[in-house]
Every structure is written in structure tokens, then in C-alpha cells.
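In my numbering, the protein residues as written are 7 to 95. Beta carbons: idealized from backbone N, C-alpha and C, even for Gly. Just so it is clear, the structure is predicted and the values come from calculations on it, not from any experiment. Single-structure report; data block below.
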């Protein structure tokens, strides 16, 4: 039963983690793009539009992955604890 609760907790909380991933990815991309607009005098001649877009994604991706995985781990742990306590194990 514990292994089923373990897997079930991750399956149920996965949509929440995906939503957090996309929200954080969007916010980080907006913040990075705003920063690059401010620093455009420095990056303008050095990077093309495609290069700036790739830079924005590469700088934002680690934060989004960390946020999504942290939310998934925390919520799955709490859900599993609550489920096992409700079942009396």
C-alpha cells in the first residue's frame, strides 16, 4: 500500500508542478528579457534576436525546473503523509 501511495501522490500532484513550472518559466523569461532590454547597449551588437531568445530561455530554465521539482516533492510528500495517516498506516 505504501508503494501505491508513493506513486499515486506523484501522479496526482504532477499537474500542479507542471503549472508552477510554466508560471515560473514565464516570469523568469519576462524578467530576463526586461534585464536584457536595459542592457541592450551591451548585448545589442553582440547577440542577434535568436541569440537573445536562446539566452533568455537558458537563463530561465534552471529556476523553472527547480521550482517545479520543489513543488512536486513538497506536495507529494504532504499528500502521501496525509493519505497514509488517513488509512491508518
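Around the CB of residue 30, 16 or more other CB atoms lie within 10 Å, so the residue is classed as buried. In this structure the stretch 58 to 66 lies against the stretch 22 to 41, because at least three pairs of beta carbons, one per stretch, are closer than 8 Å.
A check of alpha carbon separations from residue 71 across 19, 80, 28, 18 identifies 28 as the nearest. Annotation: residue 15 to residue 90 spans about 11 Å, alpha carbon to alpha carbon.
With respect to the 8 Å criterion, residue 48 and residue 62 are not classified as neighbours on the basis of their beta carbons.
Distances from the CA of residue 75 to each of 8, 93, 20 were compared; the closest alpha carbon is that of 20.
Following the DSSP letters along the chain, one finds residue 40 inside the alpha helix (DSSP H) bounded by residues 8 to 44.
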